[in-house]
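The sequence shown begins at 1 in UniProt numbering and counts up by one. Note that beta-carbon positions come from the ideal geometry of N, C-alpha and C, so glycine has one too. Source: prediction; values computed, not measured. For reference, the structure is listed below as structure tokens.
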Amino acid sequence: MKPIQYAIIGGTGVYDSGVTSFQETVKTEYGEIEVDITEIEGNSIVFLARHGKEHGTPPHRINYRANLKALQELGVKQIFSTAAVGSLNPDYQTGALVLLSDFLDMTRQRPQTFFEGGSEGVRHVNMDDPYCSNLRKQLLETAKLQDVRFKGGAVYICTEGPRLETEAEIKMMKQWGADVVGMTNVPEVVLAKELGLCYASVGFVVNMATGMESGSIQLDKIDEMVARNKEKVSRLFMDVFSNPLDQQGCKCSDSIVSL
Ligand code: HPA
Numbered sequence: 001m002k003p004i005q006y007a008i009i010g011g012t013g014v015y016d017s018g019v020t021s022f023q024e025t026v027k028t029e030y031g032e033i034e035v036d037i038t039e040i041e042g043n044s045i046v047f048l049a050r051h052g053k054e055h056g057t058p059p060h061r062i063n064y065r066a067n068l069k070a071l072q073e074l075g076v077k078q079i080f081s082t083a084a085v086g087s088l089n090p091d092y093q094t095g096a097l098v099l100l101s102d103f104l105d106m107t108r109q110r111p112q113t114f115f116e117g118g119s120e121g122v123r124h125v126n127m128d129d130p131y132c133s134n135l136r137k138q139l140l141e142t143a144k145l146q147d148v149r150f151k152g153g154a155v156y157i158c159t160e161g162p163r164l165e166t167e168a169e170i171k172m173m174k175q176w177g178a179d180v181v182g183m184t185n186v187p188e189v190v191l192a193k194e195l196g197l198c199y200a201s202v203g204f205v206v207n208m209a210t211g212m213e214s215g216s217i218q219l220d221k222i223d224e225m226v227a228r229n230k231e232k233v234s235r236l237f238m239d240v241f242s243n244p245l246d247q248q249g250c251k252c253s254d255s256i257v258s259l
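This is the structure:
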């Protein structure tokens, strides 16, 4: 099979809408992953449903290493993901789209790395540009040509979940500089970089975080919020794939420091 340059992690918006895709099971040392592969406008694209096709895997049980390894084995070089998020920033209200620009990590019990020492020695990955700045630029420029409005760049804080945050935690996270909160971007973004892949993520604000509004968080609007945006964002991704920006100068494939 010819290598597939692009992957979308997240929703199912595009292959729902009449595009023919075929299923592939990819075996990795971390487990088997099922993906859908499709050809759109001359580009081969892999779709990976982060929580599984039936949305049955909670954030803390996702096999992030198998997911990322499977994409690498298929030849993927650039990953575009979507993530449902709660907002800590009053400028980013429910329904808004944000482009993730950096992250804070509050996860606790997930395998975070492919680097386990031994014969490969001790390796570290640079995190000065976790969300590939070239892909972000391309998404922003392409969005301007469409009716996609990013409310802005956002610092994402990743919690372990599956519980939601307390009000005190959200106050603290705000002080730390977080704009949005979610449960899945870490270690996904980190593992992508360890494999030298470019990664970008669009956040769908599906609720205001705990204490940002009166009353308990209702997540029943998630489906509506995602449905409202997923066609637009899928279109945006496709347009980026069709008009690729020169990735020269991109450091994502050269982010490893070895000791
Ligand atoms: N907290 C954590 N993760 C989330 C939220 C939230 O409020 N909304 C969507 N994912």
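Exercise for review: Tell me, please, whether the segment 115-123 touches the segment 221-228 by the rule of three or more beta-carbon pairs shorter than 8 Å.
Suggested key: The segment 115-123 is not in contact with the segment 221-228.
Exercise for review: Identify the continuous alpha helix (DSSP H) that holds residue 138 and give its terminal residues.
Suggested key: DSSP places residue 138 in the uninterrupted alpha helix (DSSP H) bounded by 133-144.
Practice item. Consult DSSP for residue 250 and reduce its assignment to one of helix, strand or coil. Key: Coil.
Practice item. Given a cut-off of 9 Å, decide if residue 84 and residue 204 are closer than it, judged by their beta-carbon atoms. Key: Yes, Cβ-Cβ distance for residue 204 and residue 84 is below 9 Å.
Exercise for review: With ligand 1 as the reference, list in chain order each residue whose Cβ lies under 6 Å from any of its heavy atoms.
Suggested key: Any residue whose Cβ sits closer than 6 Å to a heavy atom of ligand 1 makes the list: 84, 85, 86, 159, 164, 165, 181, 182, 183, 206, 207, 209 and 217.
Review point. Around the Cβ of residue 69, are there at least 16 other Cβ atoms within 10 angstroms (buried) or fewer (exposed)?
Key: Note on residue 69: 16 or more other CB atoms within 10 angstroms of its CB, so buried under the neighbour-count rule.
Review point. Opposite residue 105 in the DSSP bridges: which residues?
Key: Note: residue 105 sits in a beta bridge opposite 158.
Check your understanding: Beta-carbon separation of residue 101 and residue 178 under 9 Å?
Key -> No; because the gap between Cβ atoms is not below 9 Å, this pair is not in contact.
Exercise for review: Would you mind working out which of 180, 134 and 94 sits nearest residue 261, comparing C-alpha positions?
Suggested key: For the chain, the structure presents residues 1 to 259; residue 261 sits outside this window and is missing.
Check your understanding: Should residue 82 be labelled buried (16 or more other beta-carbon atoms within 10 Å of its own) or exposed?
Key -> When all chains shown are included, residue 82 counts as buried.
Point to revise | Buried versus exposed call for residue 168 [16 or more other C-beta atoms within 10 Å across all chains shown] | key: So residue 168 ends up on the exposed side.
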